[in-house]
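To keep things clear, I will list the structure first and then write my remarks on it.
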Amino acid sequence: MRQEKDSSGHALPRYQQIARQLTQAILSGELAPGSRLPSSRTMALEMGVARATIENAYGELVAQGWLERRGQAGTFVSQTLSPAQPGFTASVAPAGNGEPLPFQMGLPALDAFPRALWSRLMGRRLRLQTRFDLAAPQSEGETALRQAIVDYVRFSRSIDCQPEQVFITAGYGMAMTLTMRALAQPGDGIWLEDPGFPFIRPVLAQAGLRFCPVPVDGDGMNVREGIRQHPDARFVLITPAHQSPLGVALSLPRRRELLDWAALNARWIIEDDYDSEFRYQGRPLPPVKSLDAPQRVIYAGSFSKSLFPALRTAWLVVPPQCVAAFQAAAKQLPCTVPPLYQQTIADFIREGHFWRHLRKMRHCYGQRRQWLESALAEQGFSVTPQQGGIQLVVPVEREDSELAGKAVAAGLAVQALSDWRIAHPGEKGLIMSFTNIATPEQARKQARALREALK
Ligand SMILES: Cc1ncc(COP(=O)(O)O)c(C=O)c1O
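If you use full-length UniProt numbering, the sequence shown corresponds to residues 1 to 455, in order.
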């Protein structure tokens with residue numbers, strides 16, 4: 001193993017070398033927040049060092065806040081670390097005291113959720129439960145929620161489907177795992193937007209998929225380039241409403257081109273429609289799924305942004321001809337969202353609260369986005385124009401990974417556009433969210449802190 005040195009060139013003591021390896025594993029996401037470390041005895045045997053060396057390494061990291069001890073239960077990676085790297089799940093988790101970090105992405109406005117109403121609905125459902133509700137739930141998800149989703153997508157997204165085409169999953173990651181279990185073979189190619197949402201890549205890699213990066217421009221994914229470079233890929237994963245992270249919409253001609261190609265060559269399009277509810281002006285383009293006469297589109301939605309991420313609830317609408325394959329996959333990977341939560345979401349939708357909440361949030365985010373844009377402008381930053389969504393990109397000239405590193409070190413949860421890229425270099429930028437900025441003053445304070453951090 002490489003001898004690690006301190007900044008003056010001296011070899012580090014063994015326990016510090018181990019501590020450094022552990023922090024690197026945490027930063028790279030290999031060791032996720034909350035994961036349990038082996039006992040010092042096991043680790044010492046594994047590494048061929050004295051147990052005291054491991055104890056010292058753990059002790060140092062506990063003192064620095066990387067690890068925490070939980071008595072008899074053992075030593076764990078701290079839940080309260082700030083996000084430093086893509087793939088690091090803290091970027092979608094609140095900071096330790098429950099407050100979101102400044103600019104933190106992947107979170108809706110936590111202050112605006114009608115929690116009293118939610119607990120009333122959940123309490124009512126709980127009181128209505130009978131002994132039969134204690135039995136094993138349906139693998140595909142609760143019938144009430146699947147029906148509520150059918151009604152919701154019909155009105156809001158012009159998608160026509162039946163409840164048996166809807167599958168509830170524990171988050172978007174599980175929705176993709178289920179899709180891959182139902183339809184993919186190891187080695188199948190999948191087009192990925194470049195730049196694109198990095199956190200889903202480990203899930204796809206786990207299923208043995210081959211990544212086929214396709215560049216994104218002002219009209220969304222460059223479909224023609226995808227067909228030219230990766231004609232044999234079996235899957236296409238897209239965020240057509242507001243491309244994540246650039247925020248552009250996939251143009252109508254490209255939607256048609258993609259559908260025609262998929263229909264002609266029997267390919268699957270996975271439409272990740274994670275934030276299309278949030279648009280601030282004009283009418284959105286219809287989802288690709290609503291144009292899907294040949295039935296080649298698997299549509300994925302999530303309640304993480306429209307309700308809240310602690311629900312860990314997403315869903316799929318799958319074409320009729322793959323319902324049986326998804327049912328078989330769901331037998332192996334049953335939905336793990338508790339029925340009580342699913343039923344409460346169903347009531348929230350059916351009783352009209354969801355529509356009201358979305359209308360309120362559209363207004364709220366429009367305002368918060370404007371506050372942040374103005375505050376950034378006062379600090380001399382520009383913002384790439386976006387049609388909607390809950391994050392924005394600030395173009396920068398200098399190395400964005402380095403700038404994001406400085407911002408993260410100052411406690412600001414921005415991410416570098418380059419870290420979301422796979423193979424195609426392009427403009428540099430910082431990605432950030434505005435959803436939890438509650439006042440114009442807070443926006444100014446955060447923009448000033450960003451300017452200060454990047455000096
Ligand atoms: C591009 C994208 N897709 C999907 C999701 C939804 O993921 P989940 O349902 O696991 O919260 C997110 C959430 O951050 C996202 O950014």
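All C-beta atoms, glycine included, are put in the ideal place defined by N, C-alpha and C.
Let me confirm a value: residue 265 is counted as buried when at least 16 other C-beta atoms fall within 10 Å, else exposed. Which label applies? Locating residue 265 in the sequence shown gives position 265, where the first residue counts as 1. With fewer than 16 other Cβ atoms from the protein chains shown falling within 10 Å of its own Cβ, residue 265 counts as exposed.
Nearest residue (CA-CA) to residue 309, options 328, 452, 171, 371: The sequence position of residue 309 within the sequence shown is 309, counting from 1. The shortest C-alpha separation from residue 309 is found at 171.
Nearest-angstrom Cα separation, counted from residue 107 out to residue 231: For the purposes of this step, residue 231 is taken as residue 231 along the sequence shown, with counting starting at 1. For the purposes of this step, residue 107 is taken as residue 107 along the sequence shown, with counting starting at 1. Rounded to the nearest angstrom, the two C-alpha atoms are 36 angstroms apart.
Which residue's Cα is closest to the Cα of residue 261: 281, 283, 228, 176? Against the sequence shown, residue 261 aligns to sequence position 261. Comparing Cα positions, the closest option is 228.
Whose C-alpha, out of 76, 294, 341, is nearest the C-alpha of residue 34? Taking the sequence shown and counting its residues from 1, one reaches residue 34 at position 34. If we check each option's Cα against that of residue 34, 76 comes out closest.
Can you round the beta-carbon distance between residue 345 and residue 303 to whole angstroms, since I take them to be within the 8 angstroms contact cut? Here residue 345 refers to the residue found at position 345 when the sequence shown is read from its first residue. Here residue 303 refers to the residue found at position 303 when the sequence shown is read from its first residue. Cβ atoms of residue 345 and residue 303 come within 8 angstroms of each other, at about 6 angstroms.
Could you check if residue 433 belongs to the surroundings of ligand 1, using beta carbon to heavy atom distance under 7 angstroms? One-based indexing of the sequence shown puts residue 433 at position 433. Taken from the Cβ of residue 433, every heavy atom of ligand 1 lies 7 angstroms or farther away.
Buried or exposed (CB count within 10 angstroms, at least 16 for buried), residue 355: Within the sequence shown, residue 355 is the residue found at index 355, counting from 1. The residue in question, residue 355, is exposed, as its Cβ has fewer than 16 Cβ neighbours within 10 Å.
Residue 268 versus residue 145 - alpha carbon distance: Sequence index remark: in the sequence shown, residue 268 carries index 268 (1-based). Sequence index remark: in the sequence shown, residue 145 carries index 145 (1-based). C-alpha of residue 268 to C-alpha of residue 145: approximately 25 angstroms in a straight line.
How would you write the range of the alpha helix (DSSP H) that residue 409 sits in, first residue to last? What you label residue 409 is simply residue 409 of the sequence shown in a count that begins at 1. It spans 400-409 - the alpha helix (DSSP H) in which residue 409 sits, taken as one unbroken run.
Check the C-beta distance from residue 317 over to residue 153 and give it rounded, since I have them as a contact under 8 angstroms. Counted from its first residue, the sequence shown places residue 317 at position 317. Counted from its first residue, the sequence shown places residue 153 at position 153. Beta-carbon to beta-carbon, residue 317 and residue 153 are separated by about 6 angstroms, close enough to satisfy the 8 angstroms threshold.
Touch test, the stretch 123-133 against the stretch 411-426, Cβ-Cβ under 8 angstroms, three pairs minimum: The answer is no - the stretch 411-426 does not touch the stretch 123-133, with fewer than three Cβ pairs under 8 angstroms.
Flag residue 184 as yes when its Cβ comes closer than 7 angstroms to any non-hydrogen atom of ligand 1, and as no otherwise. Taking the sequence shown and counting its residues from 1, one reaches residue 184 at position 184. The nearest non-hydrogen atom of ligand 1 is 7 angstroms or more from the C-beta of residue 184.
Comparing the CB of residue 278 with every heavy atom of ligand 1, is any distance shorter than 7 angstroms? Taking the first residue of the sequence shown as 1, we reach residue 278 at position 278. Residue 278: no, Cβ never under 7 angstroms from ligand 1.
Do residue 361 and residue 105 come within 8 angstroms of each other at the CB atom, strictly closer than that value? Counting from one through the sequence shown, the residue named residue 105 turns up at place 105. Counting from one through the sequence shown, the residue named residue 361 turns up at place 361. The Cβ atoms of residue 105 and residue 361 lie no closer than 8 angstroms to each other.
Since residue 319 and residue 296 should fall inside the 8 angstroms C-beta cutoff, what is the C-beta to C-beta distance between them, to a whole number of angstroms? Taking the first residue of the sequence shown as position 1, residue 319 is located at position 319. Taking the first residue of the sequence shown as position 1, residue 296 is located at position 296. At roughly 7 angstroms, the Cβ-Cβ gap stays under 8 angstroms, so residue 319 and residue 296 are in contact.
With DSSP collapsed to three states, give me the class of residue 53. For the purposes of this step, residue 53 is taken as the residue at position 53 of the sequence shown. Correct three-state label for residue 53: helix.
Taking residue 468 as part of the beta strand (DSSP E), name the residues at either end of that continuous run. This structure gives no information on residue 468, because the portion of the chain shown stretches from 1 to 455.
For residue 116, which three-state DSSP category applies? Counted from its first residue, the sequence shown places residue 116 at position 116. Reduced to three states, the DSSP call for residue 116 is helix.
Below 7 angstroms, is the gap between the Cβ of residue 44 and the nearest heavy atom of ligand 1? Counting from one through the sequence shown, the residue named residue 44 turns up at place 44. Distances between the C-beta of residue 44 and the heavy atoms of ligand 1 are all 7 angstroms or more.
I want to check one thing, is the minimum distance from the CB of residue 299 to the heavy atoms of ligand 1 below 7 angstroms? In the sequence shown, residue 299 corresponds to position 299, counting from 1. For ligand 1, not one heavy atom lies less than 7 angstroms from the Cβ of residue 299.
Please tell me whether, using a cut-off of 7 angstroms, the distance from the CB of residue 194 to the nearest non-hydrogen atom of ligand 3 is below it. No copy of ligand 3 occurs in the structure displayed; its ligands are ligand 1 alone.
Taking the alpha carbon of residue 116 as the reference point, which residue from 426, 348, 428 has its own alpha carbon closest? For this step, residue 116 is matched to residue 116 along the sequence shown. When 426, 348, 428 are compared, the shortest CA-CA separation from residue 116 is found for 348.
What is the rounded straight-line gap between the Cα of residue 448 and the Cα of residue 204? Indexing the sequence shown from 1 puts residue 448 at position 448. Indexing the sequence shown from 1 puts residue 204 at position 204. Residue 448 and residue 204 have their C-alpha atoms roughly 38 angstroms apart.
Helix, strand or coil for residue 85 per DSSP? As a first step, residue 85 must be located in the sequence shown, where it is residue number 85. A caution first: residue 85 carries a pLDDT of 36, below 50, which makes its placement in the model unreliable, though a value can still be read off. Of the three classes helix, strand and coil, the one that applies to residue 85 here is coil, per DSSP.
If you pair each beta-carbon of the stretch 419-437 with each one of the stretch 391-404, do three or more pairs fall below 8 angstroms? The stretch 419-437 is in contact with the stretch 391-404.
Under 8 angstroms between the Cβ atoms of residue 333 and residue 181? One-based indexing of the sequence shown puts residue 333 at position 333. One-based indexing of the sequence shown puts residue 181 at position 181. A Cβ-Cβ contact shorter than 8 angstroms links residue 333 with residue 181.
Note down the Cα distance separating residue 83 from residue 276, rounded to an integer number of angstroms. In the sequence shown, counting from the first residue as 1, residue 83 sits at position 83. In the sequence shown, counting from the first residue as 1, residue 276 sits at position 276. Note that residue 83 scores a pLDDT of 34, beneath 50, so its modelled location is shaky; the value from the coordinates is reported in the next line. Computed Cα separation, rounded: 25 angstroms.
May I have the straight-line CA-CA distance separating residue 41 from residue 73, to the nearest angstrom? Residue mapping note: residue 41 aligns to position 41 of the sequence shown, counting from 1. Residue mapping note: residue 73 aligns to position 73 of the sequence shown, counting from 1. When only Cα atoms are considered, residue 41 and residue 73 end up about 14 angstroms apart.
Indicate whether residue 121 and residue 329 have their beta-carbon atoms separated by less than 8 angstroms. Position 121 of the sequence shown, counted from the start, is the residue given in the question as residue 121. Position 329 of the sequence shown, counted from the start, is the residue given in the question as residue 329. Contact flag unset, no.
Does the beta carbon of residue 306 fall short of 7 angstroms from some heavy atom of ligand 1? Counting from 1 along the sequence shown, the entry for residue 306 is found at position 306. Placement of the Cβ of residue 306 at a distance of 7 angstroms or more from every heavy atom of ligand 1 is found.
Quick check: does the Cβ of residue 309 come within less than 7 angstroms of any heavy atom belonging to ligand 1? One-based indexing of the sequence shown puts residue 309 at position 309. The answer is yes for residue 309.
I believe residue 248 touches residue 282 by the beta-carbon criterion, under 8 angstroms. Please report the beta-carbon distance rounded to the nearest angstrom. Start at 1 with the first residue of the sequence shown, and residue 248 comes out as number 248. Start at 1 with the first residue of the sequence shown, and residue 282 comes out as number 282. Between residue 282 and residue 248 the Cβ distance is about 14 angstroms, and since that is not below 8 angstroms, they are no contact.
Using the Cα positions of residue 244 and residue 22, report the straight-line distance between them to the nearest angstrom. Counting from one through the sequence shown, the residue named residue 244 turns up at place 244. Counting from one through the sequence shown, the residue named residue 22 turns up at place 22. Looking at the two C-alpha atoms, the distance is approximately 31 angstroms.
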